[in-house]
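So for the sequence shown, numbering that gives the first Met the number 0 puts the first residue at 0; every next one is plus one.
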Amino acid sequence: MTDPYAARRETSTTWTPTSLNRQARQILESELGQIVIEGELSGLARPSSGHLYFTLKDARAQVRCAYFKQRMTGRRGDLDNGQQVRVTAQLSLYEPRGDYQLIVHQVEAVGEGDLRRQYDALKLKLKAAGLFDTDRKRALPRYPKHIVLVSSQTAAAVQDVIHVLSRRWSLLKLGLEHASVQGKQAAGELINALQRAEQRRPDIILLTRGGGSLEDLWSFNDEALAHAIANCSVPVVSAVGHQTDVSISDFVADLAAPTPSAAAELMVPDKGEILDLFASYSNKLQHEFESGYHRRIQQLDVLRARLERHHPGRRLAEINTRVAHLRQQLDQQMRHRLQRAAQELRRVRQRLDAHHPQARMTQLTERLSQLSGRFDREMHRSLQAAGQRIVAAIKTLEAVNPLQVLRRGYSLSLNDAGQAITSSDQVTVGQTLTTRLSEGSLVSKVTHVKPEGA
Numbered sequence: 000m001t002d003p004y005a006a007r008r009e010t011s012t013t014w015t016p017t018s019l020n021r022q023a024r025q026i027l028e029s030e031l032g033q034i035v036i037e038g039e040l041s042g043l044a045r046p047s048s049g050h051l052y053f054t055l056k057d058a059r060a061q062v063r064c065a066y067f068k069q070r071m072t073g074r075r076g077d078l079d080n081g082q083q084v085r086v087t088a089q090l091s092l093y094e095p096r097g098d099y100q101l102i103v104h105q106v107e108a109v110g111e112g113d114l115r116r117q118y119d120a121l122k123l124k125l126k127a128a129g130l131f132d133t134d135r136k137r138a139l140p141r142y143p144k145h146i147v148l149v150s151s152q153t154a155a156a157v158q159d160v161i162h163v164l165s166r167r168w169s170l171l172k173l174g175l176e177h178a179s180v181q182g183k184q185a186a187g188e189l190i191n192a193l194q195r196a197e198q199r200r201p202d203i204i205l206l207t208r209g210g211g212s213l214e215d216l217w218s219f220n221d222e223a224l225a226h227a228i229a230n231c232s233v234p235v236v237s238a239v240g241h242q243t244d245v246s247i248s249d250f251v252a253d254l255a256a257p258t259p260s261a262a263a264e265l266m267v268p269d270k271g272e273i274l275d276l277f278a279s280y281s282n283k284l285q286h287e288f289e290s291g292y293h294r295r296i297q298q299l300d301v302l303r304a305r306l307e308r309h310h311p312g313r314r315l316a317e318i319n320t321r322v323a324h325l326r327q328q329l330d331q332q333m334r335h336r337l338q339r340a341a342q343e344l345r346r347v348r349q350r351l352d353a354h355h356p357q358a359r360m361t362q363l364t365e366r367l368s369q370l371s372g373r374f375d376r377e378m379h380r381s382l383q384a385a386g387q388r389i390v391a392a393i394k395t396l397e398a399v400n401p402l403q404v405l406r407r408g409y410s411l412s413l414n415d416a417g418q419a420i421t422s423s424d425q426v427t428v429g430q431t432l433t434t435r436l437s438e439g440s441l442v443s444k445v446t447h448v449k450p451e452g453a
């Protein structure tokens, strides 16, 4: 059989990677041209450019595909990993890397792939068994102290989670239980790692890995792993793949996060927000304290003024003034009575002198005796009434006498000037005070001053 490319190889003595890749691309595009190929869609990526990149595979091989947005006709949103599709494409080669690929012109769905059918069947089974019910899901602690990651120790997702957790909540104790996150053995390792993590009694267990195709994430769609998550005594958070990836573990876990970094943000509070909240509470508390302090000072001033108005010393001074006034009135009344009596006596004497005879003298003497007796009785009655008023005033004075208060167990402290001490602000350390008791006094020296409320 004749080799169609023998002449071309003979004319080229030395190849460069660039020339070789260019020649290979031209051969692929010219010889095969446009082809139609069927396979299972996997590794679907949707960058911000609007293009789609995915892998088309069967049981033994795979080929990369590029689906540029200018060729799309509304197919961007309905394509998903695991679909069986028929692709019309141009076979080509990406020269910078030497990777051969299909430039997709059209994609038609042939049917769901085997993995997708298995996924949907298990999802329906577990949902019917109640593993997805929201009433069995537990709330995460608001301020966790201990979190254990279940993932591969080499996974980039682990580093992303650690970075976010250390930035947001540095008080956290963090642990890792290693397990494979891809391959046939991964599901069993994940179950064992989950059980080891549970034995460490953390507040939260995070089951996580980065993105990938449906088969890459298939270990997280394992039925035994789903039951292990449901039976775990510790709240489990599932963060598997990218935002568009949804695994069975996401449905069973107590909380599902779209990405590992998002899971870290959902599990712990932001220490910056907490510090801002504390600062707000501190300012509010300071404001309330100052307002309350000023209100108490105003109330104290009002009470002090009221106390001064009802102070025993002031009341005693008012009673003393009242007693002095009553004594003055009594003295005036006594003088007036004595003056009237003296005047009456003078008139009697004058009449006696005017009627000198002995009979008149006797009569007048008797009259004088009567008047004198009457005067004595009136004087005695007046003195008795005045005495009763004085006794009543004295009793009133005694009722408010500070000495009576002292007899009930109270004491009165005086400074060197004899002034009563009513506040700790009136004394200083080292000052000598005289404490008046009901019986006797004490002389003491101030060693410590304790303000009100201290």
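Even for Gly, the Cβ is constructed at its ideal location relative to N, Cα and C.
Self-check item: Where H177 falls: helix, strand or coil (DSSP)
Solution: strand
Quiz item: If you run the structure through DSSP and keep just helix, strand and coil, what is E111?
Solution: Reliability of the predicted coordinates at E111 is poor, the pLDDT of 49 falling under 50, and no value is obtained from them.
Quiz item: CB Y142 to CB P268, shorter than 9 angstroms?
Solution: yes
Exercise. Look at the Cβ atom of S410, then the Cβ atom of T434, and state whether they are nearer than 9 angstroms.
Key: Yes, the pair counts as a contact, with Cβ atoms nearer than the cut-off.
Quiz item: Would you say the stretch 162–181 touches the stretch 118–130, given that touching needs at least three Cβ pairs under 8 angstroms?
Solution: Contact check between the stretch 162–181 and the stretch 118–130: fewer than three CB pairs, one atom from each, fall below 8 angstroms, which does not count as touching.
Practice problem: Please state whether DSSP places S29 in a helix, a strand or coil. | Solution: Helix.
Quiz item: Rounded to a whole number of angstroms, what is the C-alpha to C-alpha distance between A341 and L367?
Solution: 12 angstroms
Quiz item: In chain order, what residues of the same chain lie with their CB nearer than 7 angstroms to the CB of Q158, ignoring the 5 residues before and after it?
Solution: Hits under 7 angstroms: none found.
Quiz prompt | A261 - DSSP class collapsed to helix/strand/coil | solution = helix
Quiz item: First and last residue of the beta strand (DSSP E) that includes Q430?
Solution: Looking at the DSSP string, Q430 is not in any beta strand (DSSP E), and its letter there is neither H nor E.
Quiz item: alpha helix (DSSP H) containing Y93: first to last residue?
Solution: Where Y93 is concerned, there is no enclosing alpha helix (DSSP H), although the beta strand (DSSP E) it sits in stretches over Q82 to Y93.
Quiz item: Just how far apart, CA to CA, sit G49 and G42?
Solution: In a straight line, the C-alpha of G49 is about 16 angstroms away from that of G42.
Quiz item: Would the beta-carbon of I204 fall within 9 angstroms of that of L148?
Solution: The beta carbons of I204 and L148 sit closer together than 9 angstroms.
Practice problem: Counting only runs of 4+ residues fully inside the stretch 146–226, write out the alpha helix (DSSP H) ranges in chain order. | Solution: 155–167 and 185–198
Self-check item: At least three beta-carbon pairs within less than 8 angstroms, the stretch 215–223 to the stretch 57–64
Solution: no
Practice problem: Report, in whole angstroms, the separation of the C-beta atoms of L31 and L101, which I expect to be a contact under 8 angstroms. | Solution: In fact, because the Cβ distance is near 10 angstroms, the residues do not count as touching under 8 angstroms.
Practice problem: Would you give the residue range spanned by the alpha helix (DSSP H) that K270 belongs to? | Solution: K270 to R308
Self-check item: Residue environment, I393, which counts as buried when at least 16 other CB atoms sit within 10 Å
Solution: exposed
Quiz item: For M266, is the classification buried or exposed, using 16 other Cβ atoms within 10 angstroms of its Cβ as the cut-off for buried?
Solution: buried
Quiz item: Which of helix, strand or coil does DSSP assign to R96?
Solution: coil
Self-check item: DSSP beta-bridge partners of V239
Solution: R208
Quiz prompt | Neighbourhood of T395 by C-beta distance below 7 angstroms, restricted to the same chain and skipping five residues each side | solution = I318
Quiz item: Does the pairing of the stretch 190–205 with the stretch 222–233 give three or more beta-carbon distances under 8 angstroms?
Solution: yes
Self-check item: Inter-residue Cα distance where the pair is E287 and S412
Solution: 36 angstroms
Practice problem: Please work out which residues of its chain come closer than 6 angstroms, Cβ to Cβ, to V442, disregarding the five sequence neighbours upstream and downstream, and give them in chain order. | Solution: T433
Exercise. Using the Cα positions of V322 and R376, report the straight-line distance between them to the nearest angstrom.
Key: 25 angstroms
Quiz item: When DSSP builds the beta bridges, which residues end up paired with Y66?
Solution: DSSP, once it has assigned bridges, lists L51 as partnering Y66.
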